[in-house]
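Trainee: What follows is a single structure, and I will ask about it in a moment.
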Amino acid sequence: MNNKIEITKTTSESQDFIDLIAALDTSLWECYPELKTNYWRNNVIELNPNVVIIYLDDKAVACGCFKKYDKDTIELKRMFVSPEARGMGLAQKILHELELWAHELGFSLSVLETLYKQKEAIGLYQKVGYAIVDNYEPYVGLENSICMKKQI
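Counting in this note's numbering, the sequence shown runs from 175 upward without gaps.
Here's what the structure looks like:
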């Protein structure tokens, strides 16, 4: 069966993005109930003009975004693929789109933070060239965080 895949650039005001992030948050808190208070302050959706959503047969199933970290660097945020769409390479498509977009805007580095139990995510990031680095702010001292970096 061929699924129709559509990749859309949008903002964090997109209701589809908001709905996907709610699903991401639910899955994270189920996996890491002990971290909710420590990480909540880093988990605010601020207005973000750099959001990518993937639609599968007209249903929003995956998302990601980036924000400026410093003059040369973006930070990837809110990467999520809904369970029914996993295993189709959609996370890799989102990463590619976000990195291309950031590069077009003049950024040369990408950083991200994920949590230690996210083995599939860590594997994906390493597969596409991210390396584990020392935790950057605001994750310094947070032992559950894994920070990664890549030249884009």
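A virtual CB, placed ideally from N, CA and C, is assigned to each residue, including glycine.
Would you kindly work out how many angstroms separate the C-alpha atoms of E258 and E294, rounded to a whole number?
Mentor: To locate residue 258, count along the sequence shown from 1; it is residue 84. To locate residue 294, count along the sequence shown from 1; it is residue 120. Rounded to the nearest angstrom, the two C-alpha atoms are 15 angstroms apart.
Trainee: Pull up the CB-CB distance for I181 and K301, whole angstroms please, since I reckon it's below 8 angstroms.
Mentor: Translated into the one-based positions of the sequence shown, residue 181 becomes position 7. Translated into the one-based positions of the sequence shown, residue 301 becomes position 127. About 20 angstroms separates the two Cβ atoms, so there is no contact after all.
Trainee: I need the straight-line Cα distance from V307 to I320, nearest angstrom please.
Mentor: Position 133 of the sequence shown, counted from the first residue, corresponds to residue 307. Position 146 of the sequence shown, counted from the first residue, corresponds to residue 320. Each residue's alpha carbon lies about 8 angstroms from the other.
Trainee: Flag this pair as yes or no: are the beta carbons of V285 and K323 separated by less than 8 angstroms?
Mentor: Against the sequence shown, residue 285 aligns to sequence position 111. Against the sequence shown, residue 323 aligns to sequence position 149. Closer than 8 angstroms, so yes.
Trainee: Do you know whose CA, among I326, K183, K178, lies nearest G238's CA?
Mentor: As a first step, residue 238 is located in the sequence shown; it is residue number 64 there, counting from the start. Closest by alpha carbon: K183.
Trainee: Under three-state DSSP, which class holds G238?
Mentor: Here residue 238 corresponds to residue number 64 of the sequence shown, with the count starting at 1. Reduced to three states, the DSSP call for G238 is strand.
Trainee: For Y299, does the count of other Cβ atoms within 10 angstroms reach 16, so buried, or fall short, so exposed?
Mentor: As a first step, residue 299 must be located in the sequence shown, where it is residue number 125. That one is buried.
Trainee: For Y290, collect the residues of the same chain with a Cβ closer than 7 angstroms to its Cβ; drop the 5 residues on either side in sequence, then sort them by chain order.
Mentor: Here residue 290 refers to the residue found at position 116 of the sequence shown. These residues qualify, in order along the chain: N318, I320.
Trainee: Does the beta carbon of E294 fall short of 7 angstroms from some heavy atom of the ligand NAD?
Mentor: Annotation note on the ligand NAD: not contained in the displayed structure, which lists no ligands.
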